[in-house]
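A.B. asks: Using this note's numbering, you'd call the opening residue of the sequence shown number 1355 and step up by one each time.
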Amino acid sequence: MQRKQQEKEAHSSAQTVMATILQSIPKEAQVSKIDYEGPRIALYTKSPLYLMEHNEIISDLVNIIKKRIVVRTEESIRKTEEEARQIIAKALPKEAELAGTFFDNATGEVSVEVKRPWLLHNNPAFNVAQVTEAAGWRLRIRKATSIQSSTIQAINYNLKVSSSDRAKHLKQIGENIFRPRLAQKSEVSLLTLGGFGQVGRSCMLLTTPESKILLDCGVNPGARTPAESFPRLDWANLTLDEIDAIVISHAHLDHTGFLPVLCKYGYKGPIYCTEPTLPMMNLIQLDAIKVASAQGRAPLYAERDVKQIMKQTITIPYGTVTDIAPDMKLVFSNAGHILGSATCHFHIGNGDHNFVYTGDLKFGKSILFESASWNFPRVETLLIESTYGAREDVQPTRQEVESAFINAVNNTLVDGGKVLIPIPAVGRAQEIMMVIDHYMKAGQMVEAPVFMEGMISEASAIHESYPEYLARELRQKILETDDNPFDSEYFTNIEHSDAREEPLRDGTPCIILATSGMLEGGPVLEYFRNIAPGNKNKIIFVSYQVNGTLGRRVLDGAKQVSMLGREGKVEVVNVNCSMIKLDGFSGHSDYNQLLSFVHKLRPKLRRVLVNHGERRKCENLAMNIRRMFRVPAHYPQVQEAIKLF
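(1) Three or more C-beta pairs under 8 Å: does that hold for the region 1441-1451 against the region 1391-1408?
(2) Run the CB neighbour count on residue 1385, radius 10 Å, all protein chains shown included, and call it buried at 16 or more, exposed below.
(3) At which residue ranges does the region 1725-1807 contain complete alpha helix (DSSP H) runs of 4 or more residues, listed in the order of the chain?
(4) With H, G and I counted as helix, E and B as strand and the rest as coil, what does DSSP make of residue 2000?
(5) Can you give, in chain order, each stretch of the alpha helix (DSSP H) that sits fully within the region 1373-1444 and has at least 4 residues?
(6) Could you give the DSSP three-state label for residue 1986: helix, strand or coil?
(7) Starting from residue 1566 and walking both ways along the beta strand (DSSP E), at which residues does that stretch end?
(8) Confirm, please, whether the CB-CB distance from residue 1640 to residue 1586 is below 8 Å.
(9) Going by DSSP, what residue range makes up the beta strand (DSSP E) through residue 1463?
(10) With a 10 Å radius around its C-beta and 16 neighbouring C-beta atoms as the bar for buried, classify residue 1359 as buried or exposed.
(11) On the three-state DSSP scale, how would you describe residue 1810?
(12) Could you give the first and the last residue of the continuous alpha helix (DSSP H) run that contains residue 1587?
(13) Note down, in chain order, each residue of its chain lying with its Cβ closer than 7 Å to the Cβ of residue 1879, except the 5 sequence neighbours on either side.
(14) Below 8 Å on the Cβ atoms is my guess for residue 1819 versus residue 1506; work out the distance and round it to an integer in Å.
(15) By the DSSP assignment, the beta strand (DSSP E) with residue 1456 in it spans what residues?
(16) Could you give the first and the last residue of the continuous alpha helix (DSSP H) run that contains residue 1667?
(17) Considering Cα atoms alone, identify which of 1653, 1730, 1655, 1660 is closest to residue 1634.
(18) Contact defined as beta carbons within less than 8 Å: I believe residue 1494 pairs with residue 1464. What is the distance between those atoms, to the nearest angstrom?
(19) Please report the distance separating the alpha-carbon of residue 1810 from that of residue 1780.
(20) Start and end of the beta strand (DSSP E) containing residue 1945?
(21) Between which residues of its own chain and residue 1449 is the CB-CB distance below 7 Å, once the five residues before and five after are set aside?
(22) Taking the beta carbon of residue 1989 as the centre, do at least 16 other beta carbons fall within 10 Å, making it buried, or is it exposed?
(23) Beta strand (DSSP E) containing residue 1914: first to last residue?
(24) State the beta-bridge partners of residue 1892 as determined by DSSP.
(25) By the three-class DSSP mapping on this structure, what secondary structure does residue 1870 have?
(26) Considering only residues of the same chain and omitting the five flanking positions on each side of residue 1993, which have a CB-CB separation below 7 Å?
(27) Once you ignore the five residues that flank residue 1337 on each side, which residues in its own chain have a CB closer than 7 Å to its CB?
(28) Let me know if residue 1439 comes out buried or exposed under the rule of 16 or more other beta-carbons within 10 Å of its beta-carbon.
(29) Suppose only complete runs of 3+ residues qualify. What are the beta strand (DSSP E) ranges in the region 1630-1694, listed by chain order?
(30) Using the Cβ count rule (16 or more neighbours within 10 Å means buried), how would you classify residue 1372?
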């Protein structure tokens, strides 16, 4: 009887929301339909110009109903794509240089890519609202990239062909989110499924009587058995249908590598991440299929499963409060780790509990990203990573590491040698590119060609596509000037192995960035084979070298190493070049930065949980948080259930 009463009350509450909207919208807005669109309420209008010019109507409504509202154009007023394209092209100033358009039928939005978006800001000759009215499609102005991202193009194509399915999917998600809330009592638990007391396979389940939310879903590539490789979803004792949503903090495989498997076996619900995380995740997951095949292993999933993720993903910008369940709101904030990486702030119940999951965190500014955000309005439980959680894990300052990098490169180039930097394609490569471009332009680094091979160029195109997620100075360069560091004259992308002749030519000082970062496969091996024997050359390691990898053996001083040659024969390579390992370019916080982050949140905290680190590092960080801040801190292991509230 009580349950029926609760359902009745909640149903009438949903009707009240719709009635409030209808009463608050003037007739001039010509709103013809109100519908759920995932975590948002969409208002379909025949007069977008009116609502865009009177945006206070929408902001007042949002304040009243406490839900996200988007304005959509009624399908009947949308011109054909060809007509709309002509209207947009005619309205745009020619010097802005229109590069392309993408029409999304599911939302009625058109992404307009221009080379000089700054020419449209405060330009009286170009009015977004008027062009939207004329074309019938809601405009979204984007900066065109110097190199087109094939990943983003593929995602756009897949979104287009699945637009009617996506529209239905979004409506269904909305009905689930805004469904009647059945349980009035808030209880919050966290089930640890992976990434606790270890690095790899990050995954946990946040549960309330109302909802089950999966946070991250990674793999541990170095593990020997499936029980250690994959998240322990079997222990959580739940079916895929019971998961209300999956929230992804960032794109790395140790946080997303098992996600395509869930879609393969029938997960149909929403996947939430930031806008750049979708293409980054896509790029990395598809590359994992290639790597597995090249190593003679059966991939865990197929390309179609990665495509399925695109259709189910809802992207959310930083700082946007979003309902993801009847009793849960989510806000993403910058985590400073890689492009689009986010701290995840969960607001549970009616202010009952606030849980913040840092994901991978960099609490320090770099050329590429701002330092991680820390000013959450409320946080009772913090779950923080501890990759560098030991006391001795203190990295040099950015100034020190950049100075050491400049000296190492300059000494080699002046001597006529080549610099090889084995590098992960996502994050670290772009950071090093920005450092090189900055110091060469400033005249502090010897000017020389920089050759790149592997996924670096594609990952860089994705970075350039989302300048709003980059550090302020870099964002301004891309969005407001023609001085785009990603399009620097110093950089040359090697697209095919036949083009390696130039960087490997004798007597040509140059810098080579190639994947992978630990010399464990990829194009870097061919460069290593040629560069290692030359005593004028240098290898600069800027990422962690795991025990057992070729990179670690070389770093530890091996003078000869065995490698598979071009025809499958083992060959011995003499290592006569010099080498240096530079700490400080890491995308993770060091020990001091982790403690500084906790210190910033200390007045609000009731409990700290520590994950994503070797057991010893988790233990050390938790112990020192307890000692220094007098806050209860715990380092759970995999397969623990923790009551948060």
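Using N, Cα and C, we set each Cβ at its ideal position, and we do this for glycine too.
C.D. replies: Judging by the given coordinates:
(1) The answer is no - the region 1391-1408 does not touch the region 1441-1451, with fewer than three Cβ pairs under 8 Å.
(2) Position 31 of the sequence shown, counting from 1, holds the residue named residue 1385. It counts as buried.
(3) Runs of the alpha helix (DSSP H) inside the region 1725-1807: 1752-1768, 1782-1795.
(4) No answer is possible for residue 2000: the residues shown for the chain start at 1355 and end at 1999.
(5) Listed in chain order, the complete alpha helix (DSSP H) runs (minimum 4 residues) inside the region 1373-1444 are 1402-1407, 1410-1419.
(6) As a working mapping, residue 1986 is identified with position 632 in the sequence shown. In this structure, residue 1986 counts as coil in the three-state DSSP scheme.
(7) Reading the sequence shown from its first residue, position 212 is the one you call residue 1566. Where residue 1566 is concerned, the enclosing beta strand (DSSP E) stretches over 1566-1569.
(8) Translated into positions along the sequence shown, residue 1586 becomes position 232. Translated into positions along the sequence shown, residue 1640 becomes position 286. Cβ distance not < 8 Å, so residue 1586 and residue 1640 don't count as in contact.
(9) In the sequence shown, the residue the question calls residue 1463 occupies position 109. According to the DSSP assignment, residue 1463 belongs to the beta strand (DSSP E) that extends over 1463-1468.
(10) Stepping through the sequence shown from its first residue, residue 1359 is reached at position 5. With a pLDDT of only 49 at residue 1359, under 50, the local geometry of the prediction cannot be trusted, and no value is derived from it.
(11) Position 456 of the sequence shown, counting from 1, holds the residue named residue 1810. In the structure shown, residue 1810 sits in a helix (DSSP, three-state: H, G or I).
(12) Taking the first residue of the sequence shown as 1, we reach residue 1587 at position 233. Residues 1587-1590.
(13) In the sequence shown, counting from the first residue as 1, residue 1879 sits at position 525. Cβ within range, chain order: 1873, 1917.
(14) If you number the sequence shown from 1, residue 1819 lands on position 465. If you number the sequence shown from 1, residue 1506 lands on position 152. With 8 Å as the limit, residue 1819 and residue 1506 qualify as a contact, their Cβ atoms being about 6 Å apart.
(15) As a first step, residue 1456 is located in the sequence shown; it is residue number 102 there, counting from the start. Residue 1456 -> beta strand (DSSP E) spans 1452-1458.
(16) Residue mapping note: residue 1667 aligns to position 313 of the sequence shown, counting from 1. Segment 1667-1669 is the beta strand (DSSP E) holding residue 1667; no alpha helix (DSSP H) there.
(17) Position 280 of the sequence shown, counted from the first residue, corresponds to residue 1634. For the residues 1653, 1730, 1655, 1660, the minimum Cα distance to residue 1634 belongs to 1660.
(18) Looking up residue 1494 in the sequence shown gives position 140. Looking up residue 1464 in the sequence shown gives position 110. Their Cβ separation, rounded to whole angstroms, is 7 Å, which keeps residue 1494 and residue 1464 in contact under 8 Å.
(19) Residue 1810 sits at position 456 when you count from the first residue of the sequence shown. Residue 1780 sits at position 426 when you count from the first residue of the sequence shown. Spanning the two alpha carbons is a distance of roughly 7 Å.
(20) If you number the sequence shown from 1, residue 1945 lands on position 591. Annotation: residue 1945 is outside any beta strand (DSSP E); the continuous alpha helix (DSSP H) that includes it extends over 1945-1955.
(21) In the sequence shown, residue 1449 corresponds to position 95, counting from 1. Cβ neighbours of residue 1449 beyond the five flanking positions: 1470, 1473.
(22) Here residue 1989 is taken as the residue at index 635 of the sequence shown, counted from 1. A residue is called buried when at least 16 other Cβ atoms come within 10 angstroms of its Cβ; residue 1989 meets this threshold and is buried.
(23) Position 560 of the sequence shown, counted from the first residue, corresponds to residue 1914. That run of the beta strand (DSSP E) goes 1914-1918.
(24) As a first step, residue 1892 must be located in the sequence shown, where it is residue number 538. Looking at the DSSP output, residue 1892 shares a beta bridge with 1773, 1932.
(25) Within the sequence shown, numbered from 1, the residue matching residue 1870 stands at position 516. Reduced to three states, the DSSP call for residue 1870 is coil.
(26) Looking up residue 1993 in the sequence shown gives position 639. Apart from sequence neighbours up to five positions away, the residues of its chain that approach residue 1993 with a beta-carbon distance below 7 Å are 1546, 1586, 1589, ordered along the chain.
(27) Because the chain here runs from 1355 to 1999, residue 1337 falls outside it and cannot be looked at.
(28) Residue 1439 sits at position 85 when you count from the first residue of the sequence shown. By the neighbour-count criterion, in which 16 or more other beta carbons inside 10 Å mark a residue as buried, residue 1439 falls on the buried side.
(29) Fully enclosed beta strand (DSSP E) runs of 3 or longer: 1667-1669, 1676-1679, 1682-1688.
(30) Along the sequence shown, read from residue 1 onward, the residue named residue 1372 stands at position 18. The residue is exposed, with fewer than 16 neighbouring Cβ atoms inside 10 Å.
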